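Chains as they are written, first to last, in UniProt numbering: chain U, 1 to 426; chain L, 1 to 426; chain R, 1 to 141; chain Z, 1 to 141.
Single-structure report; data block below.
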Amino acid sequence: MEAKESYPVNVGAIRSDFPILERNVGGDTSTPGEHDDDTTPLVYLDNAATSHTPKQVVDSIVEYYHGYNSNVHRGIHHLSQEASIAYEDAHDRVAEFIGASGGREEVAFTKNTTEAMNTVAYAWGLNELSPDDSVVLTEMEHHASLVTWQQIAKKVGAEVRYIRIDEDGRLDMEHAKELIDDSTKMVSVVHISNTLGTINPVSDLADMAHDVGAYIFVDGAQSAPTRPVDVETIDADFFAFSGHKMCGPTGIGALYGKRDILDEMQPYHYGGSMIRRVTFDDATWEDLPWKFEAGTPPIAQGIGFAAAIDYLDDIGMENVQAHEELLAEYAYDRLSEFDDIEIYGPPGDDRGGLVSFNLDGVHAHDLSSILNEQGVAIRAGDHCTQPLHDKLGAAASTRASFYIYNTKDEVDALVEGLDIARELFA
Amino acid sequence: MEAKESYPVNVGAIRSDFPILERNVGGDTSTPGEHDDDTTPLVYLDNAATSHTPKQVVDSIVEYYHGYNSNVHRGIHHLSQEASIAYEDAHDRVAEFIGASGGREEVAFTKNTTEAMNTVAYAWGLNELSPDDSVVLTEMEHHASLVTWQQIAKKVGAEVRYIRIDEDGRLDMEHAKELIDDSTKMVSVVHISNTLGTINPVSDLADMAHDVGAYIFVDGAQSAPTRPVDVETIDADFFAFSGHKMCGPTGIGALYGKRDILDEMQPYHYGGSMIRRVTFDDATWEDLPWKFEAGTPPIAQGIGFAAAIDYLDDIGMENVQAHEELLAEYAYDRLSEFDDIEIYGPPGDDRGGLVSFNLDGVHAHDLSSILNEQGVAIRAGDHCTQPLHDKLGAAASTRASFYIYNTKDEVDALVEGLDIARELFA
Amino acid sequence: MGIGSDMYRQQILDHYKNPRNHGRLDSPTFSHTGENPSCGDTITMDVQLADDGETIERVAFSGDGCAISQASASMLTQRLPGTTLSELNEMDTDDITEMLGVDISPMRVKCAVLARQVAQDGAKIHDGEIEIEQTKTEDDD
Amino acid sequence: MGIGSDMYRQQILDHYKNPRNHGRLDSPTFSHTGENPSCGDTITMDVQLADDGETIERVAFSGDGCAISQASASMLTQRLPGTTLSELNEMDTDDITEMLGVDISPMRVKCAVLARQVAQDGAKIHDGEIEIEQTKTEDDD
Ligand SMILES: Cc1ncc(COP(=O)(O)O)c(C=O)c1O
Ligand SMILES: Cc1ncc(COP(=O)(O)O)c(C=O)c1O
């Protein structure tokens, strides 16, 4: 699919960096990697679940394994020096990307956003929360945040409160003001909802949290990949995101924390690399961020993560954002043409690059299957926001989500696919 | 380096699968991946820290990213089907490799061995251990096990006991009998010591643990890569190992647990993929093993892990073991020729494929630097067994560790490098 | 590929739009409910046995969910009468695929087999073989 | 490459084998100890100031560890006398590399700078600028 129009990013050039976009789908799926019987061109609109990985990033991983693979930290030999430098520098690169002036000391690598959330919930929450405390979430939290704080709160007997959403899927900020009070020790909010596309006023929420002496954890899984983020402008105490949603490898994510907070926080996972001195009786901990990275870390993945950030920064995060906004608005407008479609979340000109909806009379899973048969890859389900779906009165929804390589033509392919579903289910 | 002799494995053919073994070292290390100024052939003897990664495994990762990259579970579209099948099948492949007849339900993927250990320590230990209980470790535990159980025991007030080692670095099994008693709820032992090379009688220890109703966790980080392992023959309740030490990618490891035990165990990390139903008030959990894999898992790494196991099984784990034993014995014998070398651990004909030692009058870090200048990559330090080193009376030691691509010539290169250190420090 | 769908052939859509034996039986020998958590599909199967206590006489279903799960339940209510409980228990995924007459993509197999699983579990509970409250479809069915 | 070592030149080995000013001072103006946990190197620096309270008069060191850390400490005890505390505080890693006269590989820089860091921290504690018990070398020194 060639980009015939002009976009904020050079879609044609970008697409040529992603070999997977050239493939066809539709054949037998039981032999991954064998595509001979696939004949339908792929239209990939499942980027909020995971983005694809450009050659540049894959090459950086190959270069690592075939060029300087080694365990890191403390190794004196040549390969270990090269791997250590690359892996440690990757932390600085990630810190720079989100505006963390403390550099690597403020960025611990995790497996994904979910692990970052659990790290803070266990290392801070389990130790610091008590029965009189409250944790404030939103009704649109991803399970990574919702279930984690819910369960940790259960363990310590703390209360969980949910900031309501209004009809447009925006946070009710009056309700937020009511909920965030002196009992509140943590406010954990999603920056951009992966279901509604809502962009939350995290900076205002940070002020509200700080006014009562609480921390704010901003779930950046959908924001860091899609727009410029500055954690210090937000004044986030914690911020987390995943490599695989932003051109990076699977198996890597980042936990940002303000240095003073991370410094005081207990470590979480125990093992090699995170200790300073160990005796049979006790142990002391390494400096930041290594205190939070026990065992052999995801070295190749950390290096690939930095390569992904280089790739995105070359395009420019402002341009990525503009492209996301353009496609979100276009998709929103096209889907709004039909009376039999219910779209969730705010209007097209004020949302992240995704649109969740339902087509009357067609279950989301059926719709996804039918679209799949047209080559259109979208997600159907609860998108890890079951309580939100309960509230929306939908067991599931269909979500199209966009990234730098998507085009309006692909949105059109989605809209045309809906017609086929309508005909079948008429 | 050509293999001139005959070995239990085809070293020449194997080496050609590992492009990194062709590289030189010795130049500036600050630009990883640029090797123009490197002129000294690499002799890589740091395999206990991490092994190298053959083309076949790297190719499987490239094939994933460029061919069928997608988020897994629940995705209905074609790419997600392919990725899900490959990722889930990888669990079965790992289960088969260690003789887990329960298949994927008994194998959860983790980031590494350390995370596997922490998962059990938090999910089981924190919930089940109480002040009257004891956890029995050995003096040769890796920090992954030693620090983890030590700190979890501190949190719950349980006692930690260490099985003594004898002069040869073997476990004192009489002492084990004394320590493992009715208070014991967990016995966590390293299968093969990464410092001493000792191969522990884990099956006997499993019997002792089971006799008092305790579980046994076998740390297989050094055994699974180097010999056939059957968790059911051992009768291990838990078993853990890392992909990166056995031709696999970084960022992936496996936690094996008997199905009944995993079934009863509480989940650990909360988030997507591990839940069944979530409301604002509570949540229920997915089936095994997904209950223990929260968030987007290390998909490419899991697939690469299975490819690494295919690679090793093609060679044959009996042959891998024979090769390890041959090189360990050869290295032990060669190093024993010198009076100024102290070797730690059991004799050469009864150990895993590694030898730790110290050269009189030369600090391990200096020795490692000097060997590095000859291209010989060995590890110097405490190898994540500080308390053991304290007991050995050595702040650090030098460790040479072997894998399928190593040769006797490379052991000779190490021994010759020692002469240079002797001359310098004479 | 007709109107663009392999999986949604006329027969499936017909059963989805006009489900057979939909509702509840007045006096079923046993009933059982199950869900497919990942899709949100739910199915309740009511089964009435003949006097021999072994031959299935009538089946009805109720529930909610995607076309595959509901059509599969509808077809099953037509297919089961006349068979015995032990024949029901022997039905596997292939039998369901055959009944549906289409290839079910791997991620939708759970939907397709839910009704069968519910019927089988209901029969096993009836026979006292297992004790569960609800059925859910498993991955490796 | 001489006898095969870039880093272990004669001067370094000489200082390691025959450390200068090794031991303790009788009445140091201040003493401080530090370690490099990853190597197990430890260094104690004793510093005696002139009457101006600013100029370093004598320095001695004791400790244990690798050749790089011990040689660096030995050289520093010769280098510091005559300089002022503020000059000491301005010394950076390049000054140490220059003093050692060899390129220090990245993973060994911690060893090389330990003695300087101990002396600097000792001076800062003496001046009441910081309060720490022990120095440890940091990665990003
Ligand atoms: C015996 C042993 N246990 C545990 C580990 C930890 O493995 P990882 O760093 O992959 O978590 C290692 C490797 O360093 C090891 O050798
Ligand atoms: C808003 C949000 N938070 C958290 C996550 C969890 O990310 P991961 O699965 O990479 O841990 C996701 C992605 O699924 C998300 O969209």
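No residue lacks a Cβ here, since even glycine has one placed at the ideal position from N, Cα and C.
Computed from a predicted model, the values in this text were never measured in an experiment.
Using 8 angstroms for Cβ pairs, my map puts residue i next to residue j. What's the rounded Cβ distance?
| i | j | result |
| --- | --- | --- |
| residue 377 of chain U | residue 77 of chain L | 4 angstroms |
| residue 239 of chain L | residue 253 of chain L | About 11 angstroms separates the two Cβ atoms, so there is no contact after all. |
| residue 330 of chain U | residue 408 of chain U | 5 angstroms |
| residue 390 of chain U | residue 279 of chain L | 7 angstroms |
| residue 43 of chain U | residue 375 of chain U | 5 angstroms |
| residue 7 of chain R | residue 104 of chain R | 7 angstroms |
| residue 431 of chain U | residue 300 of chain U | Coverage of chain U is limited to positions 1 through 426, which leaves residue 431 of chain U absent and any answer about it impossible. |
| residue 27 of chain U | residue 38 of chain U | 4 angstroms |
| residue 198 of chain U | residue 15 of chain U | That pair is no contact at about 29 angstroms. |
For residue i, which residues in the same chain have their Cβ closer than 7 angstroms to its Cβ, ignoring the five residues on either side in sequence?
| i | result |
| --- | --- |
| residue 285 of chain U | 267, 274, 275, 276 and 291 |
| residue 3 of chain R | Annotation note: pLDDT 43 at residue 3 of chain R (below 50); position unreliable, no value reported. |
| residue 246 of chain U | 51, 224, 225, 308 and 312 |
| residue 388 of chain L | 139, 140 and 195 |
| residue 344 of chain U | 169, 195, 196, 356, 357, 392 and 397 |
| residue 66 of chain R | 39, 41 and 111 |
Tell me whether residue i, by its Cβ, gets closer than 6 angstroms to a heavy atom of ligand 2.
| i | result |
| --- | --- |
| residue 242 of chain U | yes |
| residue 194 of chain U | yes |
| residue 441 of chain U | Past the boundaries of the shown model lies residue 441 of chain U; chain U is included only from 1 to 426, so the question cannot be answered. |
| residue 355 of chain U | no |
| residue 102 of chain Z | no |
| residue 222 of chain U | yes |
| residue 95 of chain L | no |
| residue 29 of chain L | no |
Consider the C-beta atom of residue i and the heavy atoms of ligand 1; say whether any pair is separated by less than 6 angstroms.
| i | result |
| --- | --- |
| residue 296 of chain U | yes |
| residue 46 of chain L | no |
| residue 109 of chain Z | no |
| residue 108 of chain U | no |
| residue 118 of chain L | no |
| residue 115 of chain Z | no |
| residue 389 of chain L | no |
| residue 144 of chain L | yes |
| residue 113 of chain L | yes |
| residue 202 of chain L | no |
| residue 229 of chain L | no |
Return the chain-ordered list of same chain residues with a C-beta closer than 6 angstroms to the C-beta of residue i, the five sequence neighbours on each side being excluded.
| i | result |
| --- | --- |
| residue 115 of chain R | 43, 72, 73 and 76 |
| residue 184 of chain U | 134, 136, 212 and 214 |
| residue 139 of chain R | A caution first: residue 139 of chain R carries a pLDDT of 41, below 50, which makes its placement in the model too unreliable to give a value. |
| residue 68 of chain L | 79, 82 and 83 |
Only counting the same chain, and skipping five residues up and downstream in sequence, which positions put a Cβ closer than 8 angstroms to that of residue i?
| i | result |
| --- | --- |
| residue 71 of chain U | 80, 83, 296 and 299 |
| residue 340 of chain L | 359, 360, 361 and 422 |
| residue 112 of chain Z | 68, 69, 72, 93, 96, 97, 100 and 104 |
| task | Taking a Cβ distance cut-off of 8 angstroms, strictly less, list which residues of the region 94-125 of chain Z are near chain L, in chain order. | result | Answer in chain order: 105, 106, 108 and 111.
| request: Using a Cβ-Cβ cut-off of less than 8 angstroms, list which residues of the region 103-120 of chain L approach chain U; keep chain order. | output: The region 103-120 of chain L vs chain U, Cβ under 8 angstroms: 111, 112, 113, 114, 115, 117 and 118.
| task | May I ask you to list, following chain order, the residues of the region 53-68 of chain R that have a beta carbon less than 9 angstroms from some beta carbon of chain U? | result | For the region 53-68 of chain R, the residues whose beta carbon sits under 9 angstroms from a beta carbon of chain U are, in order, 64, 65, 66, 67 and 68.
| field | Selection of the region 17-48 of chain Z by Cβ proximity to chain U, strictly under 7 angstroms | value | From the region 17-48 of chain Z, only 37 and 38 have a Cβ closer than 7 angstroms to chain U.
| field | the region 353-380 of chain U: positions lying closer than 7 angstroms to chain R by Cβ | value | So the list reads 363, 365, 366, 369, 370, 373 and 374, given in the order they occur along the chain.
| Contact set between the region 389-410 of chain U and chain R, restricted to residues whose Cβ is under 8 angstroms from the partner | In summary, the residues of the region 389-410 of chain U whose CB is separated from some CB of chain R by less than 8 angstroms are 395 and 396, in the order they occur in the chain.
| said: Within 8 angstroms, do at least three Cβ pairs link the region 97-105 of chain U to the region 127-146 of chain U? | reply: Segments in contact, no.
| Counting Cβ pairs, one atom from each stretch, are 3 or more of them under 8 angstroms apart for the region 146-159 of chain L and the region 316-328 of chain L? | No, because fewer than three Cβ pairs between the region 146-159 of chain L and the region 316-328 of chain L fall closer than 8 angstroms, the two stretches do not touch.
| message | Beta carbons nearer than 8 angstroms to chain L: which residues of the region 67-85 of chain U have them? | response | Hits within the stretch, in order: 67, 68, 69, 70, 71, 74, 75, 76, 77, 78, 79, 80, 81, 82, 83 and 85.
| Just by C-beta distance, which residues in the region 277-308 of chain U are closer than 9 angstroms to chain Z? | So the list reads 277, 284, 286, 287 and 290, given in the order they occur along the chain.
| Any 3 or more C-beta pairs closer than 8 angstroms across the region 53-70 of chain Z and the region 13-27 of chain Z | Three or more Cβ pairs closer than 8 angstroms define a contact, and the region 53-70 of chain Z meets that threshold against the region 13-27 of chain Z.
| task | With 8 angstroms as the C-beta to C-beta threshold (strictly closer), list the residues of the region 25-37 of chain U near chain R in chain order. | result | Listed in chain order, the positions of the region 25-37 of chain U with a beta carbon within less than 8 angstroms of a beta carbon of chain R are 29 and 30.
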